[in-house]
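Chains L and H, in that order, give the protein sequences.
Numbering (the numbering used here) for the first sequence: 477 to 794.
Numbering (the numbering used here) for the second sequence: 477 to 794.
Beta carbons: idealized from backbone N, C-alpha and C, even for Gly.
No experiment lies behind these values; they were computed from the predicted model shown.
To start, the structure itself, in structure tokens.
Protein chains: 2
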Amino acid sequence: MRILITGAAGFLGSHLCDRLILEGHDVIGLDNFVTGSKDNIAHLFGSQHFTFYKHDVSNYIFIPAKLDAVLHFASPASPNPASPYAYFNLPIQTMKAGALGTHNTLGVAKANNARFLLASTSEIYGDPTEHPQKETYAGNVDITGPRAVYDEAKRFAESLTLAYHRQHGVDTRIVRIFNTYGPRMDLEDGRALPNLLKQALLGQSLTVYGDGGQTRSFCYVDDLVEGIYRLLMSDEHMPVNIGNPVEMSILQFAQTINRMTDNTTEITYVDARSSRDPQRRRPDITRAQTILGWEPKVDLEEGLNRTIPYFKQKLGLA
Amino acid sequence: MRILITGAAGFLGSHLCDRLILEGHDVIGLDNFVTGSKDNIAHLFGSQHFTFYKHDVSNYIFIPAKLDAVLHFASPASPNPASPYAYFNLPIQTMKAGALGTHNTLGVAKANNARFLLASTSEIYGDPTEHPQKETYAGNVDITGPRAVYDEAKRFAESLTLAYHRQHGVDTRIVRIFNTYGPRMDLEDGRALPNLLKQALLGQSLTVYGDGGQTRSFCYVDDLVEGIYRLLMSDEHMPVNIGNPVEMSILQFAQTINRMTDNTTEITYVDARSSRDPQRRRPDITRAQTILGWEPKVDLEEGLNRTIPYFKQKLGLA
């Protein structure tokens, strides 16, 4: 197949490029490098199966080739308020990538009679009041809060995708991506894993917000890519959660990281940052298991082992 | 002030045109007549204070005049599955009016340094689990359901409006409009009031879904317009509910209509239509009372008295 992927130079987009090329497909990547990085796709520039265009998906997209599939992964996605690349700090670009970008990429899929896959997110559940989150859960998103620029854009993108499926018969798929980690992730992404792993590798004291009782589930990127690839090859049109359902407290997680990195400093507890930071987030993956025969295979220790060399290199420790 | 209003030929938009002109403003109306009607604004075509352009707000908007305010009211809004003009049946146009239309109109407001007012809706609360609905309630919208094309578009529009306020300093306002009725409403709109009033005036048996215990609150259009005008003239940027908090069961409502129209036929009870139809919807108007000094003045009997002549005329009974 010839496959267009937006956000190709991002963490997830670039891993998808690798996987799609490995499966024998020809990949056309788009990215405007607002949050993506050339480093993530530099190794692909010699491949005859990879073509790249620098382009902002909020603008009209013209691809001079017949496409078989379109994957829309372009969006700022970092929730780190301190990062200039966080969606908080690119609010209008984030909403345009979600609305205009989804509209444009759906148009490309429709014109090519191609299948379409939308990268959605667990953020559409907001600060959930149901655990774990099933795909039928309506979520708890504060429309007026700073996170809404990402959350509401993705909710809109999902509804628009289903509208194109129902109205125009576009062969669409929607993946709701939960917390993912691995090589090529942004160390300044602001999520718990890169923050803590970075501190541990630098021999610093790990910062835990509140009592560390808030929980997270972390999915290794290869597992995520496998799930997305299976969804792309399936006939499922309704949203599917892809993530790791193994839930642990941030405190347990910090202790695991300290152990694996031989970091012996004490943990530092500080005030909880924001009341709108989700307290718990864990996917119910029953649909992925049933429909795609998918579940994660890489446990946290193995995933961290595969991720640490990348972090060391980025930190100048390798 | 020179004021641009999109959806000017709609039920609410046309009443706003009247009010704004009455207040001494110059009004520029846009409408693409997908759901609006020339009949609603025909009386304004002779006015030197009214200019009209037929235009789809999903496309770039150019207004050859300096604007002081922009009101974005354009959208399909009927929830009647049987109507070709319902948002269910115009799903992509509805999402484009909400996302591209809001983006375009915010751009016009920004370029003109004009204040901006977004027509949002109680639909952003979905099928609410909290009663009455405060503006802080996150709602219960099924992203994948057929109503989502309207609900998610309006949620997105609100978040985009706040993003323009925070990022670009645009002087924005957001009104969340609850169930409204009055002259110029679409008789085929699918909501309880026009359905029942039409049946009553035709001497037919009123159709009540389920046991009629589901409740609604109905706001007369003049009250709504007063609230919107006060919001436009205020400095309030966060969403404000405008609606009538007097809640009654559909059964009570049907009985009131029968009494006021001297309709003596028995009520017909039929199976509840759709489990996603909200069971209750009632605004908490504390913010409107506090910030705008607004509350509805027209009670249901008075509002029906003012509405019945319009219905009779449309039904050929006058």
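Quick check: the stretch 701–713 of chain L against the stretch 774–785 of chain L, are there 3 or more CB pairs under 8 Å?
-> no
Proximal residues, the stretch 606–635 of chain L versus chain H, C-beta separation under 7 Å = Ala614, Asn616, Val617, Asp618, Ile619, Thr620, Ala624, Val625, Glu628, Ala629, Arg631, Phe632, Glu634, Ser635
If the cut is a Cβ gap below 8 Å, which residues of chain H does Leu708 of chain L touch?
-> Position 232 of the first sequence, counted from the first residue, corresponds to residue 708 of chain L. Those do not exist, as Leu708 of chain L stays about 19 Å from chain H at its closest Cβ, beyond 8 Å.
Coil, strand or helix - Phe549 of chain L by DSSP | Taking the first residue of the first sequence as 1, we reach residue 549 of chain L at position 73. Coil, per DSSP.
Between Ala687 of chain L and Lys773 of chain L, is the Cβ-Cβ spacing less than 9 Å?
-> Here residue 687 of chain L is taken as the residue at index 211 of the first sequence, counted from 1. Here residue 773 of chain L is taken as the residue at index 297 of the first sequence, counted from 1. Per the sequence shown, the amino acid found at residue 687 of chain L is Asp instead of Ala. Not a contact, by the Cβ cut-off of 9 Å.
Sequence-distant residues of the same chain with beta carbon closer than 6 Å to Arg706 of chain L, five excluded per side | In the first sequence, the residue the question calls residue 706 of chain L occupies position 230. So the list reads Leu768, Trp770, once near-sequence residues are dropped.
Contact set between Pro567 of chain L and chain H, taken where Cβ atoms lie within less than 9 Å = Mapped onto the first sequence, residue 567 of chain L falls at position 91. Neighbours of Pro567 of chain L on chain H, chain order: Ser635, Leu636, Leu638, Ala639, Tyr640, Arg642, Gln643.
Please confirm if Leu593 of chain L has its CB atom under 9 Å from at least one CB of chain H.
-> Mapped onto the first sequence, residue 593 of chain L falls at position 117. Not one chain H Cβ lies under 9 Å of Leu593 of chain L.
Spatial distance of Gly792 of chain L from Arg763 of chain L (CA atoms) = Within the first sequence, the letter at position 316 stands for residue 792 of chain L. Within the first sequence, the letter at position 287 stands for residue 763 of chain L. Using only the alpha carbons, I get a separation of about 41 Å.
Say whether chain L places a C-beta atom closer than 9 Å to the C-beta of Pro715 of chain H.
-> Taking the first residue of the second sequence as position 1, residue 715 of chain H is located at position 239. Interface residue, yes.
Who are the neighbours of Gly602 of chain L on chain H, taking C-beta pairs under 8 Å?
-> Sequence index remark: in the first sequence, residue 602 of chain L carries index 126 (1-based). Going along chain H in sequence order, the residues near Gly602 of chain L (Cβ under 8 Å) are Ala614.
Taking all protein chains shown into account, do 16 or more other C-beta atoms lie within 10 angstroms of the C-beta of His519 of chain H, making it buried, or fewer, making it exposed?
-> If you number the second sequence from 1, residue 519 of chain H lands on position 43. His519 of chain H comes out exposed.
Given a cut-off of 9 Å, decide if Ser596 of chain L and Val510 of chain L are closer than it, judged by their beta-carbon atoms.
-> Numbered from its first residue, the first sequence carries residue 510 of chain L at position 34. Numbered from its first residue, the first sequence carries residue 596 of chain L at position 120. Cβ atoms of Val510 of chain L and Ser596 of chain L: not closer than 9 Å.
Under 7 Å Cβ-Cβ, which residues of chain H neighbour Ala575 of chain L?
-> For the purposes of this step, residue 575 of chain L is identified with residue 99 of the first sequence, where counting begins at 1. Those within 7 Å of Ala575 of chain L in chain H are Ala575, Phe632.
Ends of the beta strand (DSSP E) at Glu723 of chain L?
-> Along the first sequence, read from residue 1 onward, the residue named residue 723 of chain L stands at position 247. Glu723 of chain L -> beta strand (DSSP E) spans 723–725.
Quick one: any contact between the stretch 638–648 of chain L and the stretch 558–577 of chain L, if contact means 3 or more CB pairs under 8 Å?
-> no
In chain order, what residues of the same chain have a beta carbon less than 8 Å from the beta carbon of Asn616 of chain L, not counting five sequence neighbours either side?
-> Within the first sequence, residue 616 of chain L is the residue found at index 140, counting from 1. Cβ neighbours of Asn616 of chain L beyond the five flanking positions: Tyr601, Gly602, Asp603, Pro604, Thr605.
Identify every residue that forms a DSSP beta bridge with Val716 of chain H.
-> Within the second sequence, numbered from 1, the residue matching residue 716 of chain H stands at position 240. DSSP lists H:Val651 as partners of Val716 of chain H.
Reference Ser725 of chain L, options L:Ile704, L:Met736, L:Phe787, L:Arg757, closest by Cα | Along the first sequence, one-based indexing puts residue 725 of chain L at 249. If we check each option's Cα against that of Ser725 of chain L, L:Arg757 comes out closest.
Which one or two residues does DSSP pair with Thr597 of chain L in a beta bridge?
-> Counting from 1 along the first sequence, the entry for residue 597 of chain L is found at position 121. DSSP output for Thr597 of chain L lists L:Ile653 as bridge partner(s).
Quick one: Cα of Arg478 of chain H to Cα of Leu543 of chain H, how far?
-> The residue you call residue 478 of chain H lines up with position 2 of the second sequence. The residue you call residue 543 of chain H lines up with position 67 of the second sequence. Distance between the alpha carbons of Arg478 of chain H and Leu543 of chain H is about 5 Å.
In whole angstroms, what separates the C-alpha of Leu480 of chain H from that of Asn565 of chain H?
-> Here the question's residue 480 of chain H lines up with position 4 in the second sequence. Here the question's residue 565 of chain H lines up with position 89 in the second sequence. If I take the Cα positions, the gap works out to 27 Å.
Between Phe487 of chain L and Ile718 of chain L, what straight-line distance do the alpha-carbon atoms span, to the nearest angstrom?
-> Reading the first sequence from its first residue, position 11 is the one you call residue 487 of chain L. Reading the first sequence from its first residue, position 242 is the one you call residue 718 of chain L. Looking at the two C-alpha atoms, the distance is approximately 16 Å.
Tell me which same chain residues have a C-beta within less than 6 Å of the C-beta of Ile761 of chain L, skipping the five on either side of it?
-> The residue given as residue 761 of chain L occupies position 285 in the first sequence. Cβ neighbours of Ile761 of chain L beyond the five flanking positions: Asn717, Pro721.
Helix, strand or coil: how does DSSP classify Ala562 of chain L here?
-> Along the first sequence, read from residue 1 onward, the residue named residue 562 of chain L stands at position 86. Three-state result, Ala562 of chain L: strand.
Run of the alpha helix (DSSP H) containing Thr578 of chain L, from where it starts to where it stops | For the purposes of this step, residue 578 of chain L is taken as residue 102 along the first sequence, with counting starting at 1. Per DSSP, Thr578 of chain L belongs to the alpha helix (DSSP H) from 567–588.
If the cut is a Cβ gap below 7 Å, which residues of chain C does Met724 of chain L touch?
-> Protein chains L and H are contained in the structure displayed, whereas chain C is not.
Kindly list, in the order they appear in chain H, the residues whose Cβ is closer than 9 Å to that of Met571 of chain L.
-> Mapped onto the first sequence, residue 571 of chain L falls at position 95. Chain H residues near Met571 of chain L: Ala575, His579, Phe632, Ser635, Leu636, Ala639.
Taking the Cβ atom as the reference point for each residue, do Tyr685 of chain L and Asp627 of chain L lie within a distance shorter than 9 Å?
-> Numbered from its first residue, the first sequence carries residue 685 of chain L at position 209. Numbered from its first residue, the first sequence carries residue 627 of chain L at position 151. No, Cβ-Cβ distance for Tyr685 of chain L and Asp627 of chain L is not below 9 Å.
Expressed to the nearest angstrom, what Euclidean distance is found between the alpha-carbon atoms of Asp502 of chain L and Phe654 of chain L?
-> In the first sequence, the residue the question calls residue 502 of chain L occupies position 26. In the first sequence, the residue the question calls residue 654 of chain L occupies position 178. Straight-line Cα distance between these residues: approximately 27 Å.
Does the distance from the CB of Phe592 of chain H to the CB of Arg649 of chain H come in under 9 Å?
-> Within the second sequence, numbered from 1, the residue matching residue 592 of chain H stands at position 116. Within the second sequence, numbered from 1, the residue matching residue 649 of chain H stands at position 173. Yes, the pair counts as a contact, with Cβ atoms nearer than the cut-off.
Have a look at Leu498 of chain H and Gln755 of chain H and give me their C-alpha separation to the nearest angstrom.
-> The residue given as residue 498 of chain H occupies position 22 in the second sequence. The residue given as residue 755 of chain H occupies position 279 in the second sequence. Approximately 38 Å, taken between the alpha carbons.
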